[in-house]
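Number of protein chains: 2
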Amino acid sequence: MTATEVRVVGFGMGPQHVTPEAAAALAECDYALAVAKGADDPLLAVRQAVCDAHGVELVVVPDPERDRSPGLDRVGYEGAVADWYAARLAAYRTVLDSRGGTCAFLVWGDPSLYDGTIRIVRALGVGFDVLPGISAPQALAARHGIVLHEVGQPVHVTTARRLRADVGLGQRNLVVMLTSGVDLDGFEDWSIWWGANLGGTGERLVAGLVGDVVAEIGAARAAAKAEAGWVMDLFLLRGPADGAA
Amino acid sequence: MTATEVRVVGFGMGPQHVTPEAAAALAECDYALAVAKGADDPLLAVRQAVCDAHGVELVVVPDPERDRSPGLDRVGYEGAVADWYAARLAAYRTVLDSRGGTCAFLVWGDPSLYDGTIRIVRALGVGFDVLPGISAPQALAARHGIVLHEVGQPVHVTTARRLRADVGLGQRNLVVMLTSGVDLDGFEDWSIWWGANLGGTGERLVAGLVGDVVAEIGAARAAAKAEAGWVMDLFLLRGPADGAA
Numbered sequence: 001m002t003a004t005e006v007r008v009v010g011f012g013m014g015p016q017h018v019t020p021e022a023a024a025a026l027a028e029c030d031y032a033l034a035v036a037k038g039a040d041d042p043l044l045a046v047r048q049a050v051c052d053a054h055g056v057e058l059v060v061v062p063d064p065e066r067d068r069s070p071g072l073d074r075v076g077y078e079g080a081v082a083d084w085y086a087a088r089l090a091a092y093r094t095v096l097d098s099r100g101g102t103c104a105f106l107v108w109g110d111p112s113l114y115d116g117t118i119r120i121v122r123a124l125g126v127g128f129d130v131l132p133g134i135s136a137p138q139a140l141a142a143r144h145g146i147v148l149h150e151v152g153q154p155v156h157v158t159t160a161r162r163l164r165a166d167v168g169l170g171q172r173n174l175v176v177m178l179t180s181g182v183d184l185d186g187f188e189d190w191s192i193w194w195g196a197n198l199g200g201t202g203e204r205l206v207a208g209l210v211g212d213v214v215a216e217i218g219a220a221r222a223a224a225k226a227e228a229g230w231v232m233d234l235f236l237l238r239g240p241a242d243g244a245a
Numbered sequence: 001m002t003a004t005e006v007r008v009v010g011f012g013m014g015p016q017h018v019t020p021e022a023a024a025a026l027a028e029c030d031y032a033l034a035v036a037k038g039a040d041d042p043l044l045a046v047r048q049a050v051c052d053a054h055g056v057e058l059v060v061v062p063d064p065e066r067d068r069s070p071g072l073d074r075v076g077y078e079g080a081v082a083d084w085y086a087a088r089l090a091a092y093r094t095v096l097d098s099r100g101g102t103c104a105f106l107v108w109g110d111p112s113l114y115d116g117t118i119r120i121v122r123a124l125g126v127g128f129d130v131l132p133g134i135s136a137p138q139a140l141a142a143r144h145g146i147v148l149h150e151v152g153q154p155v156h157v158t159t160a161r162r163l164r165a166d167v168g169l170g171q172r173n174l175v176v177m178l179t180s181g182v183d184l185d186g187f188e189d190w191s192i193w194w195g196a197n198l199g200g201t202g203e204r205l206v207a208g209l210v211g212d213v214v215a216e217i218g219a220a221r222a223a224a225k226a227e228a229g230w231v232m233d234l235f236l237l238r239g240p241a242d243g244a245a
């Protein structure tokens, strides 16, 4: 373990969600580090706003190139991802080694849900702590004025890729993240609470029976993307009250 | 709907988690309302600290008496709960009607998980909005420096009462809330990340294989309660990596 220390700071959806605990951690950092996926990476702008609000310098590391050739087979794809991951780690390490001091890694939402920062920091082998931030499912529930589960019942937090498998295993109340469009064929009698770009430019909310609102969600998703230039959405999906699928 | 408005404010584990968004909402409230379960209700002290930090008056309503006679049958028990719930609603309504203005309902953790405030506010029939707060599962993950799920996998958030049923349905990565002691017989080869009184007096953390640390957790839980006078705990429980139960 080197002398460098990292503070992993969840900042929710933006400066409005930076807790006093997170603000104090930022104030103790010498700089913050972020990867830019392009010149106008929208999440970079939010990170810059957080740093500006707390007087912390933001050091931007260009995201390493990744081989996205369509002809790659599975082994080639996994190799490309591994190379890219190693290059990103090396880029971080170069900054940490040259700057020294304490570095903030700024995480959109909360570091505990579908975010790779903690894994990366562990791979760097540096000492670190974590400050929690408002997660997207909480922001979704707040905007809709709902609780994420029925009284005494569970909430299953999962990915769009796993949705149908988890429903097949009996789950009937799911928060679905890592979406890329909403494919809800067969869920017409389920209830949905959907949101995009929560707390940011292009925010949209739709709720109702899937069969009634799925077209509205598609239009709202397109409108969010048109307004912000990007879209990140998620939803809560709940089976019919009578238990019939 | 009356002119009274309610703002449901999640304050996480205490003043250190009050977001700028929540602070702005508190500043716009004329007062905050809290139920006291007794003269030295520990969660009342945290609410008072939040109000003091933001210059909001805290109005305390004594929790109505509930018939807890051990001889009550199921019908009698449900009747006692319904009476108590109606009395609590009436007590809130009396304050809202007599004070007018805008009232903050302060919620420990986040209003979207295992909290009855939104249901109560809906029953009051007043206009309201919700400000999210840091939830206990996020605080647990942050303190342990972990992500709540394995890469691309789900996290199932449930109650201690439902734990064995949910495991029976195939869940192998669970955040368990509403605990009252930890009963983990049969989970000896599962991994646990446990915490009590997170971010407050008596905080304790234990992690490891259940079979190795279950006694340590029992002792830590007792120590947390001895130090703070109360204990609230939760844990993440994850099945063995090889898939064998």
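Residue numbers (the numbering used here), protein chains in the order written: chain A, 1 to 245; chain B, 1 to 245.
Yeah, the Cβ is synthetic: ideal placement off N, Cα and C, and Gly gets one too.
Return no unless some Cβ of chain A is closer than 8 Å to the Cβ of residue i.
i, result
"residue 234(B)", "no"
"residue 128(B)", "yes"
"residue 156(B)", "yes"
"residue 139(B)", "yes"
"residue 118(B)", "yes"
"residue 78(B)", "no"
"residue 91(B)", "no"
"residue 216(B)", "no"
"residue 162(B)", "yes"
"residue 64(B)", "no"
"residue 146(B)", "yes"
"residue 159(B)", "yes"
Which whole-angstrom value describes the C-beta separation of residue i and residue j, a residue pair presumed to lie in contact below a C-beta threshold of 8 Å?
i, j, result
"residue 199(A)", "residue 13(A)", "3 Å"
"residue 233(B)", "residue 194(B)", "7 Å"
"residue 47(B)", "residue 131(B)", "Actually they do not touch by this definition, with Cβ atoms about 15 Å apart."
"residue 157(B)", "residue 113(B)", "7 Å"
"residue 237(A)", "residue 151(A)", "Not quite, the Cβ-Cβ distance comes to about 18 Å (not below 8 Å), so this is no contact."
"residue 205(B)", "residue 143(B)", "6 Å"
"residue 80(B)", "residue 67(B)", "4 Å"
"residue 145(B)", "residue 118(A)", "6 Å"
Report the rounded CA-to-CA distance for residue i versus residue j, giving the unit in angstroms.
i, j, result
"residue 229(A)", "residue 155(B)", "30 Å"
"residue 74(A)", "residue 55(B)", "59 Å"
"residue 196(A)", "residue 41(B)", "39 Å"
"residue 77(B)", "residue 65(B)", "14 Å"
"residue 61(B)", "residue 108(A)", "38 Å"
"residue 220(B)", "residue 217(A)", "48 Å"
"residue 134(B)", "residue 172(B)", "24 Å"
"residue 82(A)", "residue 25(B)", "45 Å"
"residue 129(B)", "residue 169(A)", "34 Å"
"residue 262(A)", "residue 153(B)", "Shown here, chain A extends from 1 to 245; a query on residue 262(A) therefore has no answer."
"residue 59(A)", "residue 182(A)", "35 Å"
Answer with yes or no whether the minimum CB distance from residue i to chain B is below 8 Å.
i, result
"residue 16(A)", "yes"
"residue 88(A)", "no"
"residue 180(A)", "no"
"residue 238(A)", "no"
"residue 21(A)", "yes"
Can you say whether residue i is buried or exposed, counting buried as having 16 or more other CB atoms within 10 angstroms of its CB?
i, result
"residue 148(B)", "buried"
"residue 179(B)", "buried"
"residue 111(B)", "buried"
"residue 224(A)", "buried"
"residue 121(B)", "buried"
"residue 71(B)", "exposed"
"residue 52(B)", "exposed"
"residue 124(A)", "buried"
"residue 115(A)", "buried"
"residue 188(A)", "exposed"
"residue 202(A)", "buried"
"residue 161(A)", "exposed"
"residue 21(A)", "buried"
Which residues of chain C have a Cβ atom closer than 8 Å to the Cβ of residue i, listed in chain order?
i, result
"residue 96(A)", "Any reference to chain C falls outside this structure, whose protein chains are A and B."
Should the stretch 89-103 of chain A be called in touch with the stretch 95-107 of chain B, which here means at least 3 C-beta pairs below 8 Å?
-> Using a C-beta cut-off of 8 Å, the stretch 89-103 of chain A makes no contact with the stretch 95-107 of chain B, since fewer than three inter-stretch Cβ pairs fall below that distance.
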